[in-house]
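Novice: In this note's numbering, the protein residues as written are 3 to 189.
(1) Only counting the same chain, and skipping five residues up and downstream in sequence, which positions put a Cβ closer than 6 Å to that of residue 88?
(2) Taking 8 Å as the cut-off, decide whether the C-beta atoms of residue 83 and residue 52 are in contact.
(3) Look at the alpha carbon of residue 147 and the alpha carbon of residue 95, and state the distance between them as a whole number of angstroms.
(4) Using the beta-carbon count (16 or more within 10 Å), is residue 77 buried or exposed?
(5) Once DSSP output is grouped into helix, strand and coil, what is the label at residue 22?
(6) When you compare only the Cα positions, how much space is there between residue 9 and residue 70?
(7) Quick check on residue 76: does DSSP put it in helix, strand or coil?
(8) Evaluate residue 156 with the Cβ neighbour count: other Cβ atoms within 10 Å of its Cβ, from every protein chain shown; 16 or more gives buried, anything less gives exposed.
(9) Could you spell out the range, first to last residue, of the alpha helix (DSSP H) harbouring residue 120?
(10) Is residue 83 helix, strand or coil by DSSP?
(11) Would you mind sorting residue 12 into buried or exposed? The rule is 16 or more other CB atoms within 10 Å of its CB.
(12) Compute the Euclidean distance between the alpha carbons of residue 154 and residue 144, then round it to the nearest angstrom.
(13) Please classify residue 34 as buried or exposed, where buried requires at least 16 neighbouring CB atoms within 10 angstroms.
(14) Between which two residues does the alpha helix (DSSP H) carrying residue 49 extend?
(15) Which stretch, first to last residue, makes up the alpha helix (DSSP H) that contains residue 153?
(16) Between which residues of its own chain and residue 175 is the CB-CB distance below 6 Å, once the five residues before and five after are set aside?
(17) With 16 other CB atoms within 10 Å as the buried threshold, where does residue 104 fall?
(18) Which of helix, strand or coil does DSSP assign to residue 90?
(19) Assuming residue 141 is part of the alpha helix (DSSP H), what are its boundary residues?
(20) Counting C-beta neighbours from all protein chains within 10 Å, is the total for residue 139 16 or more, i.e. buried, or is it exposed?
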C-alpha cells in the first residue's frame with residue numbers, strides 16, 4: 003500500500019514539474035534529496051562525490067522532466083539517473099584508484115539481527131566491503147530504500163529474476179563474510 007501512495011505522490015509531483023509549476027521542482031528535491039544522496043553515497047563511498055553526482059542528477063532532471071513519458075516512474079527514473087552518473091564517476095575514477103568502497107548501514111542485515119552494537123556495525127561495514135557493486139547496490143535498494151524487486155530491476159536495468167538472484171547471492175556472501183568476521187573477533 004505504501005508503494006502505491008508513494009507512486010501517486012511521485013506522479014503528482016512529476017506532473018506539476020511538467021506543467022512548470024514554480025514550487026514543484028523544489029518539492030521534488032525536498033522529497034527525494036536524502037534518499038538519492040544516500041544511494042549515491044553508498045555507491046561512491048564518499049559524500050563529496052555523491053553530492054557532485056546528485057547535483058548533476060538534479061540538473062538533468064530539471065532539463066528533461068518534461069520528456070518523462072510516465073510520471074508514475076519518477077522515482078525509478080531518478081534512481082536510474084543517479085546510478086548511471088555514479089557508475090560513470092566510478093569508471094572515471096578507476097584509472098587513478100580502485101572502485102570506491104560502499105558501506106551500507108545496519109539495516110542490510112536487519113532481518114537477521116534486529117539490534118547492533120558498534121562492533122557489529124563495524125563488522126557489517128567490513129563485510130559489505132567485500133561485495134562487488136552489483137550486489138551492494140541491490141542490498142541498498144532492497145533493504146535500505148525499501149524498494150520492490152520491480153523498482154530495483156528498473157533502476158539497475160536487468161530482469162526481476164536477476165535482481166532476486168543478486169539479492170540472494172549478496173545475502174549469502176554477506177553472511178559468510180560476517181561469520182568469518184565473528185570468528186576473528188572471538189580469537
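Quick reminder that beta carbons are idealized off the backbone N, C-alpha and C, glycines included.
Specialist: In brief:
(1) 42, 45, 46, 55
(2) No, the Cβ-Cβ distance between residue 83 and residue 52 is not below 8 Å.
(3) 26 Å
(4) buried
(5) coil
(6) 15 Å
(7) helix
(8) buried
(9) 120-131
(10) helix
(11) buried
(12) 7 Å
(13) buried
(14) 49-66
(15) Note, residue 153: alpha helix (DSSP H), 151-158.
(16) 133
(17) Residue placement at residue 104 cannot be trusted, given a pLDDT of 39 that sits under 50; what the coordinates show is reported in the next sentence. So residue 104 ends up on the buried side.
(18) Helix, per DSSP.
(19) 135-141
(20) buried
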